[in-house]
Amino acid sequence: MDLQTLQQECLACRRCGLCESRTHVVFGQGVPDAEVLFVGEGPGTNEDAQGLPFVGRSGQLLDHYLEAVDLSRDKNVYIANVVKCRPPQNRDPLPEEASACLPWLRQQFQLLRPKIVVCLGRIAAQQMIGPHFAISRDHGKFFDKRGTLFMATYHPAALLRSPVNKPAVFGDFVALREKIAQVCEHTY
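In my numbering, each residue carries its 1-based index in the sequence shown increased by 1395.
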């Protein structure tokens, strides 16, 4: 199976109630040979309308950080979410919604085989790194899980609400750039 086939299957998903109110399934965006997989919690209003992840104000901020460390959706990253359909009123995904959708993300991960996974925000970090992950305490730290490095940073939407954390997130992205250089150096 390839990403395109998986996406076609995902577009017809009815595993949870989020399918009832969605405009579009937001499968993901980026390159199939991505070095880094970014994972958010779920689509917002703009993402649901366009069918693409991180396209609103928080997506613009994410793109700014990516560009600052020579990363791009068109060149070396893939962006996805824990849930593929927008939770009503942009609420956090319910545990049963995340559980129903996680197989899609796992299959994306298996097909992409990224060297590093960056969780954007607490919800994604707790799903992918561990349930006790605290974004304020653990952001920017790398965790090795079966040979893949995982790191989390603040969600771009949280930065729009609390710009005081922007310097810390920039530091996380600089650390990510350095880690990519180390990982790539050892694989070639």
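Note that CB positions come from ideal geometry on N, CA and C, so glycine has one too.
Since the structure is predicted, the reported quantities are computational estimates derived from the model, not experimental observations.
Out of curiosity, what's the CA-to-CA distance linking His1550 and Met1396? Whole-angstrom Cα-Cα distance: 31 Å.
Euclidean distance between Cα positions of Ile1474 and Pro1448: 7 Å
Using CA coordinates, which residue listed in Glu1430, Cys1480, Asn1471 and Ser1416 is at the minimum distance from Glu1436? Cys1480
Please report how far the alpha carbon of Phe1422 lies from the alpha carbon of Ala1529, in whole angstroms. The alpha-carbon of Phe1422 is positioned some 26 Å away from that of Ala1529.
Taking 8 Å as the cut-off, does the segment 1415-1432 touch the segment 1460-1475 (at least 3 CB pairs, one atom from each stretch)? yes
Taking Ile1524 as part of the beta strand (DSSP E), name the residues at either end of that continuous run. From DSSP, Ile1524 is part of no beta strand (DSSP E); its letter is neither H nor E.
Report buried or exposed for Arg1517, applying the criterion of at least 16 other Cβ atoms within 10 angstroms of its Cβ. Arg1517 is buried by the Cβ-count criterion.
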